[in-house]
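Heads up: the protein sequence lines correspond to chains X and D, in order. Each number in the numbering used here comes from the position in the first sequence (counting from 1) with 1084 added on. Each number in the numbering used here comes from the position in the second sequence (counting from 1) with 1084 added on. So the structure is just underneath, and the comments pick up after that.
Protein chains: 2
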Amino acid sequence: MTITAPYLFDTDTTPAADGTIELSDRWNIAGGTCNGGYLLAATLQGLRPHLPAPDPLAVSAYYLRPGVAGPAEISAEVIKAGRRVATGAARLRQGGNDVVALTASFTDLDAVPQDAATFADPPELPDPAECVNPIAGGALPGVSIAERIDVAYAQPPGWITGRPSGTPYAQFWMRFADGRPADTVSLPMLVDAAAPVVFELGDMPSSTMQLTVHVRARPEPGWLACRVRTRYVTGGMHEEDFEIFDGTGKLVAQSRQLAMLL
Amino acid sequence: MTITAPYLFDTDTTPAADGTIELSDRWNIAGGTCNGGYLLAATLQGLRPHLPAPDPLAVSAYYLRPGVAGPAEISAEVIKAGRRVATGAARLRQGGNDVVALTASFTDLDAVPQDAATFADPPELPDPAECVNPIAGGALPGVSIAERIDVAYAQPPGWITGRPSGTPYAQFWMRFADGRPADTVSLPMLVDAAAPVVFELGDMPSSTMQLTVHVRARPEPGWLACRVRTRYVTGGMHEEDFEIFDGTGKLVAQSRQLAMLL
């Protein structure tokens, strides 16, 4: 898939050839900081041109400080430019301080075997047209990323209606609001673009410390079906597992993050 | 917990002050290469003295080449020595080539809140004395790690009896054979110390590309209850999720790896 239109994801995540970038305030979360997935995407875009394969395969990011809209710079290092898998590291810095430390392996997902054996089902969701977007139209003031990403739930999640369900589990549709098709470069952002599912346990803001994403296949255009779950909230921390399937029911990305309750 | 006796894990994973280490052949897997968890542990031990906190919290390793018994060297970099969380990177090299690229955050797990909310149960297993170790006593020639790690299954897994179950799921007990208590430094090895559970799908050797481990708590001494699962075998790759609980039923480590079928 070739992305042609000037979509905001590409405009806002692609650094200049020298690694400098103006981080945008269009991907903010509560508190006026940049969404972690957005920071990851910019860092990944800074690494990608240095590696000889197109698709992020395994991406691991450590979040060291909050990132904010404004100037930043990305440095990249090639670790191994292998024939099948190429691996590199990158840092996103603001004001001389590391914000994100990322390592990523890339491959060509067109060149992998097409056989599959799966032992889990994609989410079961009504047609997106029958679903609702409970965070549209400024429902979350200052959370500008809610205007960039469409979500569609069968029912509004409990936390947004003031009645957390007590179960940190959700499934919903997701897509870019401006029509940009999801691809393997944007999936590592999308796994971190929704509200933390621990919101279903009450007022539990949390901050990502570490996020690992495995991109498993190229998605077909259209809505993506997402499933997110937290199983263990211990020691002031929790994991969050996120899976993304395309509209054909194919797993395209799988992530786990470790986050700290604030 | 202070580890006092000269256990093999410590002897074989601890580099000299200059980062050099003689990798041991006591942790070999099939094919005569070092177990990935062993390589990870040595790399982590090379980073640990440089950071001001004792417990690995989030560890991410990329496997670039097979590691073999013999000389190696570990270089370490402090990325951020934060008050609560300290993060660094390390490389393990052999013959001038990168074998493992690791990033890790450390913390003091004694200093975290003790509250917990969990939404999954620990494995249900018979008492270890009623279980069997199907890989003891040289059942897997050349796989020396099988002599270092005791495993205990309610029934022998299908793959070892020549009848793969078709379901990539297993649960079993695990401990160091020489009596070393598991601690937060050894857990990141133990999550990769068992046979890949895709063996239950038939003759499917696989090689770890990327492994992320979250250490969630300090384990109590004794047997550890493990649960391992693969859900998606696609594109010649599969993830493997591994959970370790201590004997009190407390989650102590959670990992996911992405591996390539050979």
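No residue lacks a Cβ here, since even glycine has one placed at the ideal position from N, Cα and C.
Residue i: contacting residues in chain X (beta-carbon distance under 7 angstroms)
i                  : result
Pro1197 of chain D : Gly1319 and Gly1320
Asp1182 of chain D : Ile1163 and Lys1164
Within chain D, the residues that residue i reaches when beta carbons sit closer than 7 angstroms
i                  : result
Ser1189 of chain X : Tyr1146, Met1293 and Gln1294
Leu1193 of chain X : Gly1319
Element boundaries [beta strand (DSSP E), containing residue i]
i                  : result
Glu1231 of chain D : Run containing Glu1231 of chain D: none in the beta strand (DSSP E); it sits in the alpha helix (DSSP H), Ile1229 to Arg1232.
Pro1140 of chain X : Asp1139 to Tyr1147
Tyr1316 of chain X : Tyr1316 to Thr1318
Gly1172 of chain D : Ala1170 to Gln1178
Met1293 of chain D : Ser1290 to Val1299
Thr1187 of chain D : Asn1181 to Thr1191
Asp1262 of chain X : That residue, Asp1262 of chain X, is in no beta strand (DSSP E); it is neither H nor E in DSSP.
Glu1157 of chain D : Gly1154 to Ala1165
Phe1326 of chain X : Met1321 to Phe1329
Leu1285 of chain D : Segment: none, Leu1285 of chain D is in no beta strand (DSSP E) and carries neither H nor E.
Ser1339 of chain X : Leu1335 to Leu1345
Cys1397 of chain D : The question about residue 1397 of chain D has no answer, for chain D in this structure spans 1085 to 1346.
Thr1104 of chain X : Thr1104 to Leu1107
Arg1311 of chain D : Leu1308 to Arg1313
Ala1201 of chain D : Ala1200 to Thr1202
Contacts of residue i in chain D (Cβ-Cβ under 9 angstroms)
i                  : result
Gln1338 of chain X : Arg1315, Tyr1316, Glu1323, Arg1340 and Leu1342
Thr1117 of chain X : Those within 9 angstroms of Thr1117 of chain X in chain D number zero; the least Cβ separation is about 17 angstroms.
Ala1185 of chain X : Ile1163, Lys1164, Thr1171, Ala1173 and Thr1187
Ala1089 of chain X : None at all; the shortest Cβ gap to chain D is about 28 angstroms.
Chain X contact residues for residue i, given Cβ-Cβ distances below 8 angstroms
i                  : result
Phe1326 of chain D : Per Cβ cutoff of 8 angstroms: no residues; Phe1326 of chain D is ~12 angstroms from chain X at best.
Leu1124 of chain D : Going along chain X, no residue has its Cβ under 8 angstroms from Leu1124 of chain D, so there is no contact; the nearest lies around 13 angstroms.
Supposed contact pair residue j and residue i - C-beta distance, whole angstroms, cut 8 angstroms
i                  : j                  : result
Cys1310 of chain X : Phe1256 of chain X : 6 angstroms
Leu1342 of chain X : Gly1120 of chain X : Their Cβ separation, rounded to whole angstroms, is 12 angstroms, which puts Leu1342 of chain X and Gly1120 of chain X out of contact at 8 angstroms.
Ala1170 of chain X : Pro1136 of chain X : 5 angstroms
Pro1252 of chain X : Val1281 of chain X : 5 angstroms
Ala1156 of chain X : Ala1174 of chain X : About 12 angstroms separates the two Cβ atoms, so there is no contact after all.
Leu1274 of chain X : Met1288 of chain X : No, Leu1274 of chain X and Met1288 of chain X are not in contact; Cβ-Cβ is about 22 angstroms, not under 8 angstroms.
Leu1271 of chain D : Ile1328 of chain D : 6 angstroms
Pro1138 of chain D : Asp1192 of chain D : 6 angstroms
Ala1254 of chain D : Val1336 of chain D : At roughly 18 angstroms, the Cβ-Cβ gap does not stay under 8 angstroms, so Ala1254 of chain D and Val1336 of chain D are not in contact.
Ala1126 of chain D : Ile1113 of chain D : Rounded, the Cβ-Cβ distance is 15 angstroms, inconsistent with contact.
His1298 of chain X : Ala1100 of chain X : With a Cβ gap of about 29 angstroms, His1298 of chain X and Ala1100 of chain X do not count as contacting.
Ile1244 of chain D : Pro1210 of chain D : Incorrect: roughly 18 angstroms between the Cβ atoms, too far for contact.
Gly1242 of chain D : Glu1284 of chain D : 6 angstroms
Val1235 of chain D : Ala1278 of chain D : 6 angstroms
Asp1330 of chain D : Pro1303 of chain D : 4 angstroms
Residue i beta carbon near the ligand NAD (any heavy atom closer than 7 angstroms)
i                  : result
Val1269 of chain D : Judged by which ligands are present, the structure shown has none, so any question about the ligand NAD falls away.
Partners in chain X for residue i, counting only beta-carbon separations shorter than 9 angstroms
i                  : result
Phe1203 of chain D : Thr1251, Pro1252, Tyr1253, Arg1313, Thr1314, Arg1315, Tyr1316 and Val1317
Leu1335 of chain D : Arg1315, Tyr1316 and Thr1318
Ala1114 of chain D : Those within 9 angstroms of Ala1114 of chain D in chain X number zero; the least Cβ separation is about 21 angstroms.
Ala1200 of chain D : Tyr1316, Val1317, Thr1318 and Gly1319
Limits of the alpha helix (DSSP H) - the one that residue i falls within
i                  : result
Leu1224 of chain X : Unbroken run through Leu1224 of chain X: none, as it is neither H nor E.
Ala1126 of chain X : Gly1120 to Leu1131
Phe1093 of chain X : Leu1092 to Thr1097
Pro1272 of chain X : Leu1271 to Leu1274
Residues from the stretch 1301-1320 of chain X in contact with chain D, defined by Cβ distance under 9 angstroms:
Ala1301, Arg1313, Thr1314, Arg1315, Tyr1316, Val1317, Thr1318, Gly1319 and Gly1320
Selection of the stretch 1228-1254 of chain D by Cβ proximity to chain X, strictly under 9 angstroms:
Thr1251, Pro1252 and Tyr1253
Pairs of beta-carbons, one from the stretch 1174-1188 of chain D and one from the stretch 1296-1316 of chain X, closer than 8 angstroms: are there three or more?
no
Going along the stretch 1134-1160 of chain X in order, which residues come within less than 7 angstroms of chain D, judged by CB to CB distance?
Ala1142, Ser1144, Tyr1146 and Leu1148
With a threshold of 8 angstroms, are at least 3 pairs of Cβ atoms found where one atom belongs to the stretch 1097-1112 of chain D and the other to the stretch 1148-1166 of chain D?
yes
Using a Cβ-Cβ cutoff of 8 angstroms, what residues of the stretch 1278-1292 of chain D are near chain X? List them in chain order.
Leu1285
Taking contact to mean 3 or more Cβ pairs, one atom from each stretch, closer than 8 angstroms, check whether the stretch 1222-1240 of chain X and the stretch 1218-1237 of chain D are in contact.
no
Please identify, using Cβ separations under 8 angstroms, the residues of the stretch 1262-1276 of chain D that lie next to chain X, in order along the chain.
none
Touch test, the stretch 1088-1098 of chain X against the stretch 1204-1219 of chain X, Cβ-Cβ under 8 angstroms, three pairs minimum
no
Counting pairs of beta carbons, one from the stretch 1316-1335 of chain X and one from the stretch 1191-1200 of chain D, are three or more of them closer than 8 angstroms?
yes
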